[in-house]
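Novice: Let me give you the structure first, and then I'll get to my questions.
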Amino acid sequence: MIKTLYTCLFVFFCLFSSAFAQQKFTISGTVRDAATGETLIGATIKIQGAARSFGTSSNAYGFYSLSGTSAEYNLVVSYTGYQPFTKKISLTAATKLNIELGTDKAALQEVVITSSSRKNENISSPQMGLDKLDMKSLDNLPVLFGEKDVLKTIQLLPGVKSGGEGNTGFFVRGGAADQNLILLDEATVYNSSHLLGFFSTFNGDAIKDVSLYKGGMPAQYGGRLSSVLDVKMQDGNNKEFGVEGGIGLIASRIKVEGPIVKDRGSFMISARRTYIDLLLKASSDSSLNSNTLNFYDINAKANYKFDDKNTLFVSGYFGQDNIGIKDLFANDWGNTTATVRLNHVFNDKLFSNTSFIFNKYHYAIELLDADNNARVTSLIRDFNLKEDLQYYSNKHVIRFGVQATHHRIAPSDITTSGNSSFNPLAVENRYGLELAGYLSDEWKLTDKLNILYGVRLSSFSLLGPGTFNTYDSEAEVASSSTSGSGKFVKTYIYPEPRFSASYSLNEENAVKASYNRNTQNIHILTNANTGSPTDQYVMSSNNIKPELADQVAVGYFRNSKDNSFEISGEIYYKWLQNQIDYRDGAELTANANVESELLYGTGRAYGLELYAKKTKGKLTGWISYTLSKTERKFDGINHGSYFPARQDRTHDLSLVGIYNFSPRWTFSANYIYSTGNAVTYPAGKYNVGGLTTYYYTDRNANRMPYTARLDVSATLKAKETKKYQSSWSFGLYNALNRKNPYSIQFRDKKNDPTQTEAVQTSLFGIIPSVTYNFKF
Amino acid sequence: MLKYKYILYSVFSIGTLLSFASCEKVIDVKLNTSASQVVIEGAITDQAGQQTITISESVPYTSSNEYPPVTGAQVLVTDDNNHSWTFTETKPGTYTFASLKAEAGHKYTMKVVARNTTYSATSTMPSLVKMDSLSIKIITFGGDDIKTVETHFKDPADQVNQYRWVLKVNGVQIKTVYADNDRLTNGNEVTNTLFYDDDDNEKLKTGDVAEVEMQCIDKGVFTYWFTLSQQTQNGPGGGVTPGNPPSNIDNGALGYFSVHTTEKKLITIN
Numbered sequence: 001m002i003k004t005l006y007t008c009l010f011v012f013f014c015l016f017s018s019a020f021a022q023q024k025f026t027i028s029g030t031v032r033d034a035a036t037g038e039t040l041i042g043a044t045i046k047i048q049g050a051a052r053s054f055g056t057s058s059n060a061y062g063f064y065s066l067s068g069t070s071a072e073y074n075l076v077v078s079y080t081g082y083q084p085f086t087k088k089i090s091l092t093a094a095t096k097l098n099i100e101l102g103t104d105k106a107a108l109q110e111v112v113i114t115s116s117s118r119k120n121e122n123i124s125s126p127q128m129g130l131d132k133l134d135m136k137s138l139d140n141l142p143v144l145f146g147e148k149d150v151l152k153t154i155q156l157l158p159g160v161k162s163g164g165e166g167n168t169g170f171f172v173r174g175g176a177a178d179q180n181l182i183l184l185d186e187a188t189v190y191n192s193s194h195l196l197g198f199f200s201t202f203n204g205d206a207i208k209d210v211s212l213y214k215g216g217m218p219a220q221y222g223g224r225l226s227s228v229l230d231v232k233m234q235d236g237n238n239k240e241f242g243v244e245g246g247i248g249l250i251a252s253r254i255k256v257e258g259p260i261v262k263d264r265g266s267f268m269i270s271a272r273r274t275y276i277d278l279l280l281k282a283s284s285d286s287s288l289n290s291n292t293l294n295f296y297d298i299n300a301k302a303n304y305k306f307d308d309k310n311t312l313f314v315s316g317y318f319g320q321d322n323i324g325i326k327d328l329f330a331n332d333w334g335n336t337t338a339t340v341r342l343n344h345v346f347n348d349k350l351f352s353n354t355s356f357i358f359n360k361y362h363y364a365i366e367l368l369d370a371d372n373n374a375r376v377t378s379l380i381r382d383f384n385l386k387e388d389l390q391y392y393s394n395k396h397v398i399r400f401g402v403q404a405t406h407h408r409i410a411p412s413d414i415t416t417s418g419n420s421s422f423n424p425l426a427v428e429n430r431y432g433l434e435l436a437g438y439l440s441d442e443w444k445l446t447d448k449l450n451i452l453y454g455v456r457l458s459s460f461s462l463l464g465p466g467t468f469n470t471y472d473s474e475a476e477v478a479s480s481s482t483s484g485s486g487k488f489v490k491t492y493i494y495p496e497p498r499f500s501a502s503y504s505l506n507e508e509n510a511v512k513a514s515y516n517r518n519t520q521n522i523h524i525l526t527n528a529n530t531g532s533p534t535d536q537y538v539m540s541s542n543n544i545k546p547e548l549a550d551q552v553a554v555g556y557f558r559n560s561k562d563n564s565f566e567i568s569g570e571i572y573y574k575w576l577q578n579q580i581d582y583r584d585g586a587e588l589t590a591n592a593n594v595e596s597e598l599l600y601g602t603g604r605a606y607g608l609e610l611y612a613k614k615t616k617g618k619l620t621g622w623i624s625y626t627l628s629k630t631e632r633k634f635d636g637i638n639h640g641s642y643f644p645a646r647q648d649r650t651h652d653l654s655l656v657g658i659y660n661f662s663p664r665w666t667f668s669a670n671y672i673y674s675t676g677n678a679v680t681y682p683a684g685k686y687n688v689g690g691l692t693t694y695y696y697t698d699r700n701a702n703r704m705p706y707t708a709r710l711d712v713s714a715t716l717k718a719k720e721t722k723k724y725q726s727s728w729s730f731g732l733y734n735a736l737n738r739k740n741p742y743s744i745q746f747r748d749k750k751n752d753p754t755q756t757e758a759v760q761t762s763l764f765g766i767i768p769s770v771t772y773n774f775k776f
Numbered sequence: 001m002l003k004y005k006y007i008l009y010s011v012f013s014i015g016t017l018l019s020f021a022s023c024e025k026v027i028d029v030k031l032n033t034s035a036s037q038v039v040i041e042g043a044i045t046d047q048a049g050q051q052t053i054t055i056s057e058s059v060p061y062t063s064s065n066e067y068p069p070v071t072g073a074q075v076l077v078t079d080d081n082n083h084s085w086t087f088t089e090t091k092p093g094t095y096t097f098a099s100l101k102a103e104a105g106h107k108y109t110m111k112v113v114a115r116n117t118t119y120s121a122t123s124t125m126p127s128l129v130k131m132d133s134l135s136i137k138i139i140t141f142g143g144d145d146i147k148t149v150e151t152h153f154k155d156p157a158d159q160v161n162q163y164r165w166v167l168k169v170n171g172v173q174i175k176t177v178y179a180d181n182d183r184l185t186n187g188n189e190v191t192n193t194l195f196y197d198d199d200d201n202e203k204l205k206t207g208d209v210a211e212v213e214m215q216c217i218d219k220g221v222f223t224y225w226f227t228l229s230q231q232t233q234n235g236p237g238g239g240v241t242p243g244n245p246p247s248n249i250d251n252g253a254l255g256y257f258s259v260h261t262t263e264k265k266l267i268t269i270n
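As given, the protein sequences belong to chains P and D, one line each in that order. Each residue of the first sequence is one higher than the one before, starting from 1 at the first, in UniProt numbering. Each residue of the second sequence is one higher than the one before, starting from 1 at the first, in UniProt numbering.
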């Protein structure tokens, strides 16, 4: 293992040696928005010389670095929606150049949606399986209750399947909902949903950048099998104070931002709260107005630039859901994250970021009946230290770093009082340590061939203290051992190779290929469809092996008409190992021996994703289509042969259109169609215990009816004054009022008990919404 | 019960958001049809008297709920004390023994030969845990008073116990499976609430007479009923993937062989 790593390092440095043969100088700096001072992620920086032209893009903190031989150059910096910046430079010494781009007024007249901020990034970059969401286009898309939502919008992309009607849970390329790594300013968000999944934890106002990696994950990411959703918060305006917000039917939000010290530091605070329960309170029904049903969240961030070399960022998120019925039941859950980061520019080629991250997810359920009272609490908490270094040389961007995460899971604590039926119980805490080191190189081999290759070496250790059991085939304890505090109980080490390559056939066409391996050591146990706030988290252990996924993908990418059309097709195949399912009658809650309830198997997923996008003009939008198959295989389920996973949907189609009718009116619509979920219908019936009981043959061999939905919205910008901008958004969710299937149940007919019937439940019919947004 | 209550209450609370929007309709579904399967339902209780084992067949989903009896089978029950009882067919598919009482702590084996296949199963009689009383609990929700029956009993601290309840209202069985163990309630005065869904059943109202049968069952039988009960719970986002509950009978027969205690109490809803 170590030897492989050294070999890699050696190869890397051999590759560089050629770069040092000539005298070169470096130009470096930060790219920002001229109006707000927000750093621009992924801006294109090109230097054009008489002999050669080359370029790079700004990193997650807006930093860029380019090296060239001593000569006269023309520097061009561009970013979608901004006026390009050009400057003649003579590179005769190391140059520091911070660039501010002004927004392009002409471009603002039209809606620009693009997967990349660089004009033809999807052709030139070796990265595949990456989708970037443009936060501006999010404002115009129709969504349930008019609440714009990052997680619902990514479900309109190829290869991403919705967790269900109105649900923020999502499945990427056949992965399960818990196989997505969801990061908010680098902190893991374990539960990204509010209100049992109808809203996501991401408040669109506070979000600057959203990238979804479906494949070809770069080596700096690890820990989940299927995808990485990297969400970055806004830094806040460092030039002037501003307030913006929105008032919607069921939630309102407000954001305040401004400079701490002009041009040196800024802050941003954004908050949101629903008021469904305030509406309930207005109800005259005494049993309804005492119910609780709300959530709120707060995003806050501040940054301060000490000097050109050092910038500090502090950001945090706090969100909580509360549901409850007076005197009967209370349930709350929420995430807390805090990230402290220090950017340090060692020299004009070496950029470093050090992060210290805390994140926690917790829930509490309280049953309040006198004779059945119990309070169940559970949490998962991480401390995370990351050091990430980026080295920019002529043809290479080398990225390397180390990461350490300490996990604590408190599975269930039950406390009771008085004459409760329940006993107090504390299921032992579990501790784990994840260590990872990575090294990757994005290398422009030739003008046409770019590769991104690297390796991530990840280890997971289950730590004491605790009692660790093994189980026999009957799920009974076979052996038991105890380990002291800090003792390593079990360690798994895996190298995860990552490789992507792109070959540009010409300016407009490219083919790409990628392979990546991912491992996962934090698993969610759920037997509900897309997860509930009270799902159990478990770590890899002496019983649970790390989940493994290997994915290969190939794709063709084409841009045309000056990059105003982007077309792509990708094919992927994914092998999954050590997947988890449950024994019959598994008890997952408050069970110290929950690992005895698990079954292990394999999976495979493959598919074709087609994507066509129009990024410029009055009418913009995209069509995405996915043809896919997702299967799982477990001993003891379905006679040990492959069966469709619940999220297996053969066809998945999304059409999104945004029409910029006039400077004031924008109309948009989206249409989705997807094959029904794989479900298990009865093949026969019989009677036991006086009840009609169903006989099942093959697991998930049937299909729910298909889902189709049209949503429309219109946005009206009010007359702008210099100080105050506002807009109205009107939406219709499920405009055709189609009854889409949510669940199907079988039961005896009420008026004829000798017959059975299938009953489909649909959740949302047509739902209108209106939202008022303002900014000053 | 803990998980069940959680699901139930969260459906109640989130239901306020969804109820105005959701709707139900009966749909046609295309189903596979399988060959009919042998279904054995064997119950031996601690009450001296006639014990019954029924053998029937499953039918395709689209048929009516009438299950053809399997006649001419040989049915034998033995215990771990060299006793044996040969059951006789008193009605097509119904095999009985006139007087038999199962004793706590003893293991019973059922052997059925039907259609040239031998099916066998074992079950152990648990010791009796007495039901103390029944009561009615009223939950007020959404303007409705929801009345439910509660059972009260003292769980013994020194043993692992599993229970099943059968609820009948005015003589009609409620279509819900109730099974629980003492994993979280060992040694306590336990109140168990027998909720049910009024989609499928009539709501409890004043004047109704509810009958509760409480059974103490062994672990294998508990897993059978508990698996069935999980499949009928439908939390937000759907329930457990349905499957055939793990039978304690071998050779692929559906059903179960349960040796259990039985005790019944009545309560009138006021």
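All C-beta atoms in this analysis are idealised placements derived from N, C-alpha and C, irrespective of residue type, glycine included. No experiment lies behind these values; they were computed from the predicted model shown.
Near residue 496 (chain P), which residues of its chain fall below 8 Å by C-beta distance, leaving aside the five closest residues on each side in sequence?
Specialist: Residues of the same chain with a CB within less than 8 Å of the CB of residue 496 (chain P), apart from the 5 flanking positions on each side, are 219, 222, 455, 456, 457, 458, 516, 517, 518, 519 in chain order.
Novice: DSSP beta-bridge partners for residue 565 (chain P)?
Specialist: Beta-bridge pairing links residue 565 (chain P) to P:560, P:614.
Novice: Can you say whether residue 692 (chain P) is buried or exposed, counting buried as having 16 or more other CB atoms within 10 angstroms of its CB?
Specialist: buried
Novice: Is any beta-carbon of chain D found at less than 9 Å from that of residue 755 (chain P)?
Specialist: yes
Novice: Which runs of the beta strand (DSSP E), 3 residues or longer, sit entirely within the stretch 446 to 488 of chain P?
Specialist: Complete beta strand (DSSP E) runs here, min 3: 449 to 463, 466 to 471, 477 to 483.
Novice: Helix, strand or coil for residue 14 (chain P)? Go by DSSP, reduced to three states.
Specialist: Summary for residue 14 (chain P): the model assigns pLDDT 47, below 50, so the residue's position carries little reliability, and this model does not support an answer.
Novice: Does the contact criterion of 3 or more C-beta pairs under 8 Å hold for the stretch 152 to 162 of chain P versus the stretch 262 to 276 of chain P?
Specialist: no
Novice: According to the Cβ coordinates, are residue 363 (chain P) and residue 377 (chain P) closer than 9 Å?
Specialist: yes
Novice: Residue 115 (chain D) touches chain P at which residues, Cβ-Cβ below 7 Å?
Specialist: The contacting residues do not exist; residue 115 (chain D) stays about 16 Å from chain P at best.
Novice: Taking just the CA atoms, how far does residue 180 (chain D) sit from residue 122 (chain D)?
Specialist: 21 Å
Novice: For residue 116 (chain D), which beta-bridge partners are listed by DSSP?
Specialist: Bridge partners of residue 116 (chain D): none, in fact.
Novice: Which chain P residues are close to residue 226 (chain D), counting only those with a beta carbon under 7 Å from its beta carbon?
Specialist: The answer, in chain order, is 585.
Novice: Which residue or residues does DSSP assign as beta-bridge partners of residue 671 (chain P)?
Specialist: P:655, P:710
Novice: Output yes if chain P places a C-beta closer than 9 Å to the C-beta of residue 170 (chain D); else output no.
Specialist: no
Novice: Taking just the CA atoms, how far does residue 252 (chain D) sit from residue 399 (chain P)?
Specialist: 58 Å
Novice: Find out if the Cβ-Cβ distance for the pair residue 72 (chain P), residue 96 (chain P) is shorter than 9 Å.
Specialist: For the pair residue 72 (chain P) and residue 96 (chain P), the CB atoms are not nearer than the 9 Å cut-off.
Novice: Based on the DSSP secondary-structure assignment, which residues constitute the bridge partners of residue 381 (chain P)?
Specialist: P:360, P:408
Novice: Under a three-way DSSP split, which group does residue 83 (chain D) fall into?
Specialist: coil
Novice: Could you check if residue 549 (chain P) is buried or exposed, using at least 16 other CB atoms within 10 Å of its CB as the buried criterion?
Specialist: Its Cβ being crowded by 16 or more others within 10 Å, residue 549 (chain P) is buried.
Novice: Against chain P, with Cβ distances strictly below 9 Å, would residue 188 (chain D) count as a contact?
Specialist: yes
Novice: Considering only residues of the stretch 212 to 288 of chain P, which uninterrupted beta strand (DSSP E) runs meet the minimum length of 3 residues and lie entirely inside it, listed in chain order?
Specialist: As far as the stretch 212 to 288 of chain P is concerned, its whole beta strand (DSSP E) runs of at least 3 residues are 227 to 233, 242 to 247, 251 to 261, 265 to 274.
Novice: With a threshold of 9 Å between beta carbons, is residue 108 (chain P) in contact with chain D?
Specialist: Bear in mind that the predicted position of residue 108 (chain P) carries a pLDDT of just 45, short of 50, making it unreliable; the figure below should be weighed with that in mind. Judged by the 9 Å Cβ criterion, residue 108 (chain P) is not in contact with chain D.
Novice: On the premise that residue 431 (chain P) lies in contact with residue 463 (chain P), defined as a C-beta separation below 8 Å, what is that separation, rounded to the nearest angstrom?
Specialist: 4 Å
Novice: Kindly list, in the order they appear in chain P, the residues whose Cβ is closer than 7 Å to that of residue 22 (chain D).
Specialist: By Cβ distance, chain P contributes 761, 762, 763.
Novice: Looking at chain D, which residues of the stretch 675 to 695 of chain P have a Cβ within less than 9 Å of any of its Cβ atoms?
Specialist: 677, 679, 680, 681, 682, 683, 684, 685, 686, 687, 688, 689, 690, 691, 692, 693, 694, 695
Novice: Taking the Cβ atom as the reference point for each residue, do residue 209 (chain D) and residue 258 (chain D) lie within a distance shorter than 9 Å?
Specialist: The answer is no: Cβ separation not under 9 Å.
Novice: At what residue ranges does the stretch 186 to 247 of chain D contain a whole run of the beta strand (DSSP E), taking only runs of 3 or more?
Specialist: Counting only runs of 3 or more residues that sit fully inside the stretch 186 to 247 of chain D, the beta strand (DSSP E) segments are 189 to 194, 209 to 217, in chain order.
Novice: First and last residue of the alpha helix (DSSP H) that includes residue 88 (chain P)?
Specialist: Careful: residue 88 (chain P) lies outside any alpha helix (DSSP H), inside the beta strand (DSSP E) at 85 to 91.
Novice: Any idea what DSSP makes of residue 30 (chain D), helix, strand or coil?
Specialist: coil
Novice: Please compile the residues from chain P whose C-beta is within a distance smaller than 9 Å of the C-beta of residue 246 (chain D).
Specialist: Counting only Cβ-Cβ distances below 9 Å, residue 246 (chain D) has contacts in chain P at 583, 584, 585, in chain order.
Novice: Could you round the C-beta distance between residue 345 (chain P) and residue 231 (chain P) to whole angstroms and report it? I think they count as a contact, below 8 Å.
Specialist: That pair is no contact at about 25 Å.
Novice: Please go through the same chain and pick out, in chain order, the residues whose beta-carbon is closer than 6 Å to the beta-carbon of residue 482 (chain P), but skip the five residues on each side of it.
Specialist: 467
Novice: Is the CB of residue 116 (chain P) under 9 Å away from at least one CB in chain D?
Specialist: Low local confidence applies: a pLDDT of 49 at residue 116 (chain P) is under 50, so the model's placement there is unreliable, with the coordinate-based value given in what follows. No, residue 116 (chain P) lies away from the interface with chain D (no Cβ there is under 9 Å from its Cβ).
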